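Residue numbers (this note's numbering): 762 to 959.
What follows is a short report on a single structure.
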Amino acid sequence: MQTASMQYPINAFIPANQFAEYLLVAVPAPELHDKILFEQQVFDQQYQQRNQGKAKLHIEVAGFQAKEEMEPTLLRWMHRIFSSQQAFSVPLSNYSGIPADSIYLRVPSSQPFQQLGQALEPLNDYIKTCDCPSIRVNLKPNLPIARKLNADTYLKAMMDYSSRSFHEIFEVRELVLLRRKHLFDPYTQVNKFVLQPA
762 MQTASMQYPI NAFIPANQFA EYLLVAVPAP ELHDKILFEQ QVFDQQYQQR NQGKAKLHIE
822 VAGFQAKEEM EPTLLRWMHR IFSSQQAFSV PLSNYSGIPA DSIYLRVPSS QPFQQLGQAL
882 EPLNDYIKTC DCPSIRVNLK PNLPIARKLN ADTYLKAMMD YSSRSFHEIF EVRELVLLRR
942 KHLFDPYTQV NKFVLQPA
């Protein structure tokens, strides 16, 4: 299984034409969602980013490519895997960034996401037997506030946000599977997997 420990989003690769692209994400609870949405709106207003790349309100857990006819089997595997996984909490602690690209909320520990990656190994084996690329597990999780920043905006924003503080707990109670058929298509939700209470 590949790991996306590089600094770019795990969905940055271009899927082959015969594959659909899938993204497994953790979505914040409504109360935290509203706080993060407010942070995005403040950034948009301050840096006039409304027409730029809109950051999604989720943490990317893993990404993979698969043939669409594999989807029913993929969903059965994932239901089986996640039905035994417990919900967990991760802190969101202050801001960081990817140069000339994005500003994000930091996730200090990737351990829970590594464990999810290990749980996905059987699914990865199945995907590879179908001649599809390995699952890419995100080992540097974060929650973006703004994406697709030009170099000047990034530098100004990073100078500002490096002195700001943000501390919240992200309760990961469910995972959501998203899909798109082409690189420039929007993602649509395929399924939701509820984790066991901790």
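Note that CB positions come from ideal geometry on N, CA and C, so glycine has one too.
As the structure is a computational prediction, the values presented were derived from the model and not from experiment.
Can you check which of these residues, the options, is closest to residue i by C-alpha distance?
i	options	result
SER854	PRO902, PRO791 and GLN802	PRO902
PRO883	HIS840, ILE906 and PRO869	HIS840
LYS953	MET920, ARG925, ARG837 and SER923	ARG837
Tell me which residue opens and which closes the beta strand (DSSP E) that residue i is part of.
i	result
PHE804	Segment 791 to 808 is the alpha helix (DSSP H) holding PHE804; no beta strand (DSSP E) there.
ASN903	903 to 907
ILE820	820 to 827
TYR865	863 to 867
Near residue i, what residues of its chain come up, given a Cβ to Cβ distance below 6 Å and the 5 sequence neighbours on each side ignored?
i	result
ILE842	ALA880
VAL955	GLU935
ALA861	ALA912 and TYR915
ALA959	GLN847 and ALA848
Apart from the five residues just before and just after residue i, which ones in its own chain have a Cβ nearer than 7 Å to its Cβ?
i	result
LEU784	ASN772, GLU821, GLY824, LEU939 and TYR948
LYS942	ALA781
LYS796	GLU929
HIS794	LEU818
LEU798	LEU818
Apart from the five residues just before and just after residue i, which ones in its own chain have a Cβ nearer than 8 Å to its Cβ?
i	result
PHE927	GLU800, LEU853, SER854, ASN855, TYR856 and LEU866
HIS819	VAL786, ALA787, VAL788, PRO789, LEU904 and VAL937
THR834	TYR887
ALA827	PHE780, ALA781, TYR783, LEU835, ILE888, CYS891 and CYS893
PHE804	GLN810, ILE864, ILE906, ALA907 and ALA918
ARG925	ASN855 and TYR856
Span of the alpha helix (DSSP H) holding residue i?
i	result
PHE849	Looking at the DSSP string, PHE849 is not in any alpha helix (DSSP H); the run it does join, the beta strand (DSSP E), is 849 to 854.
PHE843	832 to 843
ALA781	Not the alpha helix (DSSP H): ALA781 falls in the beta strand (DSSP E), residues 781 to 787.
GLN879	872 to 880
LEU910	Segment: none, LEU910 is in no alpha helix (DSSP H) and carries neither H nor E.
Can you give the Cα-Cα distance for residue i and residue j, rounded to whole angstroms?
i	j	result
LEU829	ASP946	For the record, residue 829 in the displayed sequence is Glu; it is not Leu. Taking the straight line joining both Cα atoms gives about 15 Å.
GLU932	ILE864	21 Å
LYS817	ASN885	25 Å
GLN957	GLN950	21 Å
ASN911	GLN876	35 Å
SER870	SER850	10 Å
ILE896	GLY878	9 Å
TYR808	SER845	43 Å
GLU792	LEU944	31 Å
SER923	MET831	44 Å
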